[in-house]
Amino acid sequence: MGDVSRYLEPTLVEHLNHMQLSARSVVLGATIGQHKSPIKGASVEFRQHRFYVPGDEPRRLDWRVLARTDRPYVREYDEETNLRCLIAIDSSGSMGYGPPGNTKFDYAARLAAAFSYLMLGQTESVGLAVCGQQLDEWLAPHAGSMQLSRVVDALDRASPWGASAIGQALHEVAERLDRRALVIVLSDLFVPAEKVRSGLAHLRHDRHEVIAIQVVDRDEEEFPFRKWTRLRGREGEGSQLVEPALARQAYLANYRHHRKALADICQTLRCEFAVFPTDRLLVEAIRGFISRRGG
């Protein structure tokens, strides 16, 4: 099993215990978790049989098993929670930029673990999609204490490499989700804006609620280089020697234009859009984000 503490430090967990992440529009099932629905009665999914112990409700006895085995067993269920959350994390090569231990992928992985912890603590269900050159890994949304370990295991297996196909991966996510969900996208979104729009539009067409979080390194935000610098593409683009004083203005103009395009796309599609620089303390970034959206 993965080491949860690698992604969730005790101080972060303590703060997360006092936070709540809610969906604004996706409400499914009965009133089991944090959300309300007009549908009466609990929707449940069978998990396993367990031997009857004194104190169990007689109505939970499985009479067919009792008749067949002459042993009393009760049926246990996993409650299908009101909200399903699917976290889509970009594992393309550009996500590997940054100092060891705090690359964009490292930061996004800790975010994924933190959001998973929040949702599971609210008795919601959580899943994970690792998005590289294709949908590299799919962990279907489930509730329960073991799901966080499954998320961490999947994050442990992932590493940033290859060209980004986040737009196409979001189409695959939409195809796999069989119920409405809250989809949280964690990516630098360094692909043509139209590809991002296409993937997000598919999710919105299927009535999923979407939060797009752009994870960036401060170098990408400010282009702080002063001397001749060799810039190497992390997705097979090769390298180029640049003089920062000549390249900075054009780079920052293109960067800001792309950021605005992403923000405009999200506004048009009614997706939430947020930017998380990797030099910001994770707990502060999460707290500020939740505070801005009202929980």
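Numbering (this note's numbering), first residue to last: 28 to 322.
Using N, Cα and C, we set each Cβ at its ideal position, and we do this for glycine too.
Taking 8 Å as the upper bound for CB-CB distance, D117 and S214 are in contact here, some 3 Å apart. For A239 against E299, the beta-carbon gap comes to about 7 Å, under 8 Å, which counts as contact.
Boundaries of the beta strand (DSSP E) harbouring R259: 256-259, taken from the DSSP string.
For the options A220, G154, F132, the alpha carbon positioned closest to that of P187 is the one of F132. Assignment of beta-bridge partners to A141 by DSSP yields no partner. For the set H232, L138, G189, H169, the Cα lying nearest the Cα of L197 is the one of H232. In this structure, L162 keeps its C-beta atom at 8 Å or more from the C-beta atom of V178.
The way I'd put it, the stretch 188-208 doesn't touch the stretch 134-151; fewer than three beta-carbon pairs between them come closer than 8 Å.
Look at R206 here: in three-state DSSP terms it is coil, with no helix or strand label. When DSSP states are grouped into helix, strand and coil, A274 belongs to the helix group. Approximately 7 Å separates the beta-carbon atoms of E164 and A185; this is inside 8 Å, confirming the contact. In this structure, S143 lies away from V157, with their beta-carbon atoms at least 8 Å apart. Residue environment analysis places P168 among the buried positions, since at least 16 neighbouring C-beta atoms fall within 10 angstroms of its C-beta. Shown here, F316 sits in a helix according to DSSP, grouped into three states. In this structure, DSSP gives H45 a state outside helix and strand, which the three-state scheme calls coil. Counted as a single uninterrupted DSSP element, the alpha helix (DSSP H) harbouring L182 occupies residues 174-184.
About 20 Å separates the CB atoms of V218 and H235; that is not less than 8 Å, and the two are not in contact. DSSP places H235 in no beta strand (DSSP E); its state is neither H nor E. In the displayed model, C293 falls within a helix according to three-state DSSP. Per DSSP, the continuous beta strand (DSSP E) segment holding V153 begins and ends at 152-158. Counting of Cβ neighbours within 10 angstroms places G315 among the exposed residues, the total staying below 16. Cβ atoms of T305 and G125 come within 8 Å of each other, at about 6 Å. In the DSSP secondary-structure assignment, H198 is not bridged to any residue. Note that the C-beta distance between L289 and A220 is below 8 Å.
Between V101 and the set H76, A50, R91, G128, the nearest pair of CA atoms involves H76. D30 sits exposed, since fewer than 16 C-beta atoms from the chains shown fall within 10 Å of its C-beta.
Bridge partners of S266 according to DSSP: R259. The three-state reading of DSSP puts R245 in helix, counting H, G and I together. Taking every protein chain shown into account, the CB of A50 has 16 or more other CB atoms within 10 angstroms, so this residue is buried.
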